[in-house]
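Protein chains in written order, with the numbering used here: chain Y, 1 to 377; chain S, 378 to 785; chain H, 786 to 1026.
All C-beta atoms, glycine included, are put in the ideal place defined by N, C-alpha and C.
First the structure, in the form of structure tokens, and then the observations on it.
Structure (structure tokens):
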């Protein structure tokens, strides 16, 4: 390999780039996966209108839901869909029931270290709002600032005062703004007594299936039928809306794998052909086929593993940039991170490629009669 | 300025290469046959480049499919009237009284007494796709004039809907992606059953993601008393600014106007996530492919050191060798590019969809592999050959002549 | 050995004039002299075998004469041109017009057939396709290989390959042929054939030939042998034929 360091570097580069790409793609998938696989949400339930997200439920349903013995607490939540200054500057903003929000999403706000007095400030101020730290940082907001939020779905543009900036465990949970539900109800007459989704916190996660069934049956055949599902299922339905992302990414991953396999096999074939004589000499000296073969294999494996390592490292290094780029176009990817499991998987794949792509030409070289190899001298 | 400084030598080099293809002495057939000689490395590199170009063309076609879906929908002399800040039809609402005032606006085009406009309602309904996933589908209620304002839409089976009898028409494209959309079938919306009386096509535009029906029927079923939007044709496309101002400033209206074309352009953003992902992948892959091409060409040069020395001894100049090997790389990558562009045609016509995060509703589109896109793919592969081949070709041209004299 | 003049090599007008030629290679800071103070004139129509042990500088001397390498010192005039005055492009054009090359391992392009290999140097000259064809056929008939012109090098024997290479060397009708161990890779019978062909080129077509060889049998075909030893001319032997 030292004979031509430029070419060695190029093979290394090809493998590194491919492993890099596959690592990033697979990490996108695991990120999407984690969206609909949040362990904290195991005892939460979402109730919404059966006809879709643009339909809303009557507030009166809350009484029935609250009466169910399995329910610990309940929070009404409406996607507001407003923007700050620039419509392209996307972040999630909700009108929510301030009294129960922090109870239902206890785990998400748990990391925040919210003090009693801060919370009181928000509850006291009817036009107050709370924002995640990363969102506040991005827009340069401080507690006490007034944020004019331009409504798109709703014909109101409230001016909200930041009362609390919270930290969350995941970046996507911090790209959020909540304000009092009353602001929406008072500004939009048709929303009086209506709400988009109810988020229920159950005492025990085991009760979820039973409760889902009971709620949906209770409201069946009413003017506003409900669709209840776990939080994970709810999130999954958003991921699925993106289209067949899973299929596209897996398809491209396979294509890239095939390409890199072809390329490395081709390169190793070239390298080994250049060495036919050397291999013949080794064999003439008495080395057994297996020994010669494993020598070549070790070299190929070393090269590709090294490439894989570089690619994975590169992926870890640029994870932040990917999060930035993808996060702005697709809110889910704000949580983009490379899991150790993915890294191992990709490096393992790299190693396999190295072994396979070296084995084929190396095996062919050791099959040749020794005399033929020596003839090329 | 800096761009020009970079581009100028590049263009000069390209021009020289083109000239060299015809006038420099080393014939291209020499390169072609040399490529054919090293079948393993040629095929592996060309294969890798084919895959990259294939992905490149498919990604381009995706972006193209989406912009066909939106951009061809829009006309410059038609405008949408929306509630201020609503941005999308779905979010907008216009009360009956305002609609009445709007419809008699003097700038609207007219046909006899009838203004060329359609007051419409846009709603969404969750439908199950063939693969079992749920997705929001846009339902549009329109006035009879709405069909006149969308001349690209034509019925391909059955007939258009009639007002007052709960009839709908569905896009031909949607029939494959959603079950139970056959003409003669029934859809349930707003607590009613609607007869599917026709299937339509609309030149690949975004209308092909919508179910159409009569506006009054839809309002009744959804118990709505306000419209979403007004689609109107203006007498004169140049007076759109005047129309916008007057609708905005009229105290009775206070509404926003956006040209149909601009509105649909905004909608294309639905494809951004996929396009960004696709571009990211293509950029990374291109790097890998260039490395691979470079590697192959370096190997080719190394294997032909004596041959190159001999050519130099016979009197071929350094630039003749440079051009020859540069062309060899371009031919190699170009062959891969052709195959890749061919591979991409397998994706042609595949229907798929994504959800716009602005409207939360389904946008259907088709992969459309046009000859133009394929040509772009091949051009892309030629650029890869140019970039990947330059260093090896440069090295080839620097091989000392005395190499020819070395024995062995 | 004193300066060798054309008189020593059979007389006549000099086609090659070397004056105090020196050539050294640099390995890091170390200067390795290969040729030192070579004075040599070779007359038009001469046939000289350069001989000497490995490392004596014979191939380097040939490279200098053929204009594929440049001397570190001294002047050389070949075929009427002072090679030191030519830039790389001019030198390339000069080689194409005046020098034919015969290599030890033939250096045929494996992907080109015999005809195309012979045609290669003509591609650099402003000739019509039919004129090129005429010359290629003439050169191939001279080496007696018209019937194999559509064959690729791998379909030819070593002797045939070398004859194609010779056809390529003479197709431009150069004044000077340089040969580097032309029989090094050939068996006895084929070597003899190639040497006889070269002798004919010298005698019948008047080509000046400079050949590097370590094979005494090959050297015997030349008119004069010049022996090099450690970078200097050692002795000159006239061959009695």
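#1: Might you give, ordered along the chain, the residues of its own chain that have their beta carbon closer than 8 angstroms to the beta carbon of residue 534 of chain S, omitting 5 neighbours on each side?
#2: Does any residue of chain S bring its CB to less than 7 angstroms from the CB of residue 376 of chain Y?
#3: Please say whether residue 694 of chain S and residue 807 of chain H have beta carbons closer to each other than 7 angstroms?
#4: Kindly give me the distance between the Cβ atoms of residue 624 of chain S and residue 611 of chain S, rounded to whole angstroms, as I take these residues to be in contact under 8 angstroms.
#5: CB residue 887 of chain H to CB residue 959 of chain H, shorter than 7 angstroms?
#6: Listing by chain order, which chain Y residues have their CB less than 8 angstroms from the CB of residue 725 of chain S?
#7: How would you list, in chain order, the residues of chain S whose beta-carbon sits under 7 angstroms from the beta-carbon of residue 896 of chain H?
#8: I'd like the list of long-range same chain contacts for residue 637 of chain S, defined as Cβ closer than 8 angstroms, with 5 residues on each side in sequence excluded.
#9: Using a Cβ-Cβ cutoff of 9 angstroms, what residues of the stretch 453-468 of chain S are near chain Y? List them in chain order.
#10: Figure out for me which residue from S:751, S:744 and S:769 has the closest Cα to the Cα of residue 441 of chain S.
#11: Can you check whether the C-beta of residue 343 of chain Y is within less than 7 angstroms of a C-beta belonging to chain S?
#12: By Cβ distance, which residues of its chain are closer than 7 angstroms to residue 671 of chain S, with the 5 residues on each side in sequence left out?
#13: With DSSP as the reference, label residue 864 of chain H as helix, strand or coil.
#14: Count Cβ pairs between the stretch 65-73 of chain Y and the stretch 144-163 of chain Y that sit closer than 8 angstroms; are there 3 or more?
#15: Grouping DSSP H, G and I as helix and E and B as strand, with all else coil, what is residue 926 of chain H?
#16: With three or more C-beta pairs closer than 8 angstroms as the rule, is the stretch 45-52 of chain Y touching the stretch 215-234 of chain Y?
#17: Please list, in chain order, the chain H residues whose beta carbon lies closer than 8 angstroms to that of residue 772 of chain S.
#18: Residues in the stretch 686-708 of chain S with C-beta within 9 angstroms of chain H's C-beta atoms, listed in sequence order?
#19: Cα separation between residue 760 of chain S and residue 706 of chain S?
#20: Would residue 388 of chain S be called buried (16 or more neighbouring beta carbons within 10 Å of its own) or exposed?
#21: Identify which residue in H:830, H:943, H:836 and H:809 has its Cα closest to the Cα of residue 994 of chain H.
#22: Is there a Cβ from chain S that is less than 7 angstroms from the Cβ of residue 1 of chain Y?
#23: Can you say whether residue 940 of chain H is buried or exposed, counting buried as having 16 or more other CB atoms within 10 angstroms of its CB?
#24: Should the stretch 614-624 of chain S be called in touch with the stretch 471-485 of chain S, which here means at least 3 C-beta pairs below 8 angstroms?
#25: Per DSSP, what are the beta-bridge partners of residue 145 of chain Y in this structure?
#26: Determine, for residue 779 of chain S, whether the minimum Cβ-Cβ distance to residues of chain H falls below 7 angstroms.
#27: Please name the residue in S:729, S:757, S:606 and S:781 whose C-alpha comes closest to that of residue 682 of chain S.
#28: Which residues, in chain order, does the stretch 611-627 of chain S contribute to contact with chain Y at a C-beta distance below 9 angstroms?
#29: Flag this pair as yes or no: are the beta carbons of residue 98 of chain Y and residue 123 of chain Y separated by less than 7 angstroms?
#30: For residue 159 of chain Y, which residues of its own chain have a beta-carbon under 8 angstroms away from its beta-carbon, when the five flanking residues on both sides are left out?
#31: Going by C-alpha to C-alpha distance, which of Y:57, Y:322 and Y:209 sits closest to residue 195 of chain Y?
#32: Per the DSSP calculation, residue 76 of chain Y is bridged to which residue(s)?
#33: Which one or two residues does DSSP pair with residue 728 of chain S in a beta bridge?
#34: Between residue 322 of chain Y and residue 188 of chain Y, what straight-line distance do the alpha-carbon atoms span, to the nearest angstrom?
#35: Across which residues does DSSP place residue 1043 of chain H in a beta bridge pair?
#36: Interface residues of chain S around residue 269 of chain Y at Cβ under 9 angstroms?
Concretely, from the data shown:
#1: 549, 560, 575 and 576
#2: Note on residue 376 of chain Y: pLDDT 48, under 50, position unreliable in the model; the coordinate value appears next. Not an interface residue.
#3: no
#4: About 11 angstroms separates the two Cβ atoms, so there is no contact after all.
#5: no
#6: What residue 725 of chain S touches in chain Y: nothing, since even the nearest Cβ is about 16 angstroms away.
#7: 407, 410, 411 and 414
#8: 450, 451, 452, 453, 455, 456, 457 and 608
#9: 460, 461, 462, 463, 464, 465, 467 and 468
#10: S:744
#11: no
#12: 765, 768 and 769
#13: coil
#14: no
#15: helix
#16: yes
#17: Result: empty, since nearest Cβ-Cβ is about 17 angstroms, beyond 8 angstroms.
#18: 686, 687, 688, 689, 690, 691, 692, 693, 694, 695, 696 and 697
#19: 10 angstroms
#20: exposed
#21: H:830
#22: Model confidence at residue 1 of chain Y stands at a pLDDT of 39, short of 50, so the residue's coordinates are unreliable; what they give is reported in the following sentence. No, residue 1 of chain Y lies away from the interface with chain S (no Cβ there is under 7 angstroms from its Cβ).
#23: exposed
#24: yes
#25: Per DSSP, none; premise fails for residue 145 of chain Y.
#26: yes
#27: S:781
#28: none
#29: yes
#30: 127, 146, 147, 148 and 149
#31: Y:57
#32: Y:198
#33: S:743
#34: 39 angstroms
#35: Since the displayed chain H opens at 786 and closes at 1026, residue 1043 of chain H lies outside it and no answer follows.
#36: 417, 418 and 421
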